[in-house]
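Numbering (my numbering), first residue to last: 730 to 975. Beta carbons are placed, not taken as given, at the ideal position from N, Cα and C, and that holds for glycine. Comments concern the structure below.
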């Protein structure tokens with residue numbers, strides 16, 4: 730009997746814990762901030778002004794070419810839980826005056842990821858969301874502060890899209906590494922002629938000789954042949970004369 734009572738007590742405690750957890754889960758609202766930057770001079774995003782490549786962030790068209798819209802990472806958001814002053818009539822949604830609320834506590838400092846997103850759960854109440862400038866990301870002027878009340882009727886997940894002009898600046902292209910210089914070919918040295926002709930047109934004419942061309946070589950060979958035949962003719966004639974004398 731004691732064991733059964735102990736088991737029932739443990740089951741009852743477990744059910745109470747699960748009920749409280751479920752109540753807390755359903756009571757909290759989900760907030761997601763998507764930070765996107767507009768190119769300098771742009772006042773808003775229009776699909777007709779850019780290239781829609783089909784990518785989306787939470788049903789918002791995304792241009793990854795950066796012509797009009799691009800997500801911004803490393804942007805800090807300070808979130809405070811606040812209480813409206815008086816009847817709350819002075820508390821405005823955008824850039825509320827400091828006199829219109831008092832701060833209960835700081836919820837935390839949240840930073841956008843590579844997709845430009847921050848996501849967290851918040852209990853029911855009023856919250857002040859302050860964006861912080863980041864010159865390293867081109868965000869020199871933060872978007873106006875926002876005051877939000879949770880829960881939002883009909884929504885368990887609320888999306889905020891604060892926009893700002895982002896000056897990305899000029900990015901210096903990486904310097905190219907110098908290419909190794911190839912060794913230049915050595916010039917071909919032409920041996921100098923001994924006693925070169927003074928006149929370039931007389932090149933090849935040394936000691937009164939004609940230039941050594943193919944025709945000249947043939948002529949010299951023929952001349953040598955004629956001279957040789959002439960000497961042979963003289964020798965033969967002399968032999969005949971000697972025989973006749975005998």
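Practice item. Could you tell me if residue 764 is buried or exposed, where buried requires 16 or more neighbouring beta carbons within 10 angstroms of its beta carbon? Key: buried
Point to revise | Top-ranked residue by Cα proximity to residue 855, from 849, 805, 839 and 833 | key: 833
Check your understanding: Got a sec? Which residues, its chain only, sit under 8 Å from residue 865 by beta carbon, not counting five neighbours each side?
Key -> 803
**Study point:** Pairwise C-alpha distance: residue 766 and residue 867
**Key:** 9 Å
**Study point:** residue 810: first and last residue of the uninterrupted beta strand (DSSP E) it sits in
**Key:** 805–813
Review point. Residues in its own chain within less than 8 Å of residue 938 by CB, not counting five upstream and five downstream?
Key: Low per-residue confidence applies at residue 938: pLDDT is 47, beneath 50, and the placement is therefore not dependable enough to give any value.
Exercise for review: Can you tell me which of the three DSSP states residue 876 falls into?
Suggested key: strand
Review point. Does DSSP put residue 780 in a helix, in a strand, or in coil?
Key: Confidence at residue 780 is low in this model, with a pLDDT of 48, below 50, so its placement is unreliable and no value can be given for it.
Exercise for review: Determine the extent of the beta strand (DSSP E) in which residue 854 is found, giving its start and end residues.
Suggested key: 854–860
Check your understanding: Helix, strand or coil: which one does DSSP assign to residue 764?
Key -> coil
Check your understanding: According to the Cβ coordinates, are residue 839 and residue 809 closer than 7 Å?
Key -> no
Review point. CB residue 853 to CB residue 880, shorter than 7 Å?
Key: yes
Practice item. Please state if the CB of residue 890 and the CB of residue 761 are separated by a distance shorter than 7 Å. Key: no
Check your understanding: Which residues in the same chain as residue 967 place their Cβ atom closer than 7 Å to its Cβ, once the five residues preceding and following it in sequence are excluded?
Key -> none
Check your understanding: Rounded to a whole number of angstroms, what is the C-alpha to C-alpha distance between residue 799 and residue 875?
Key -> 21 Å
Exercise for review: Would you give the residue range spanned by the beta strand (DSSP E) that residue 867 belongs to?
Suggested key: Segment: none, residue 867 is in no beta strand (DSSP E) and carries neither H nor E.
Practice item. Could you check what DSSP says for residue 795 in three-state terms: helix, strand or coil? Key: Because residue 795 carries a pLDDT of 48, less than 50, the predicted location of this residue cannot be relied on, and no value is offered for it.
Check your understanding: For residue 831, which beta-bridge partners are listed by DSSP?
Key -> 812
Review point. Would residue 823 be called buried (16 or more neighbouring beta carbons within 10 Å of its own) or exposed?
Key: exposed
**Study point:** Which of helix, strand or coil DSSP assigns to residue 837
**Key:** strand
Exercise for review: Return helix, strand or coil for residue 990, following the three-state DSSP convention.
Suggested key: Nothing can be reported for residue 990, as the shown portion of the chain is limited to 730 through 975.
Point to revise | Exposed unless 16 or more other CB atoms sit within 10 angstroms - verdict on residue 780 | key: With a pLDDT of only 48 at residue 780, under the threshold of 50, the placement of this residue in the model should not be trusted; the figure read from the coordinates follows. Exposed: under 16 other Cβ atoms inside 10 Å.
Review point. Between the Cα of residue 846 and the Cα atoms of 801, 963 and 969, which residue gives the shortest distance?
Key: 801
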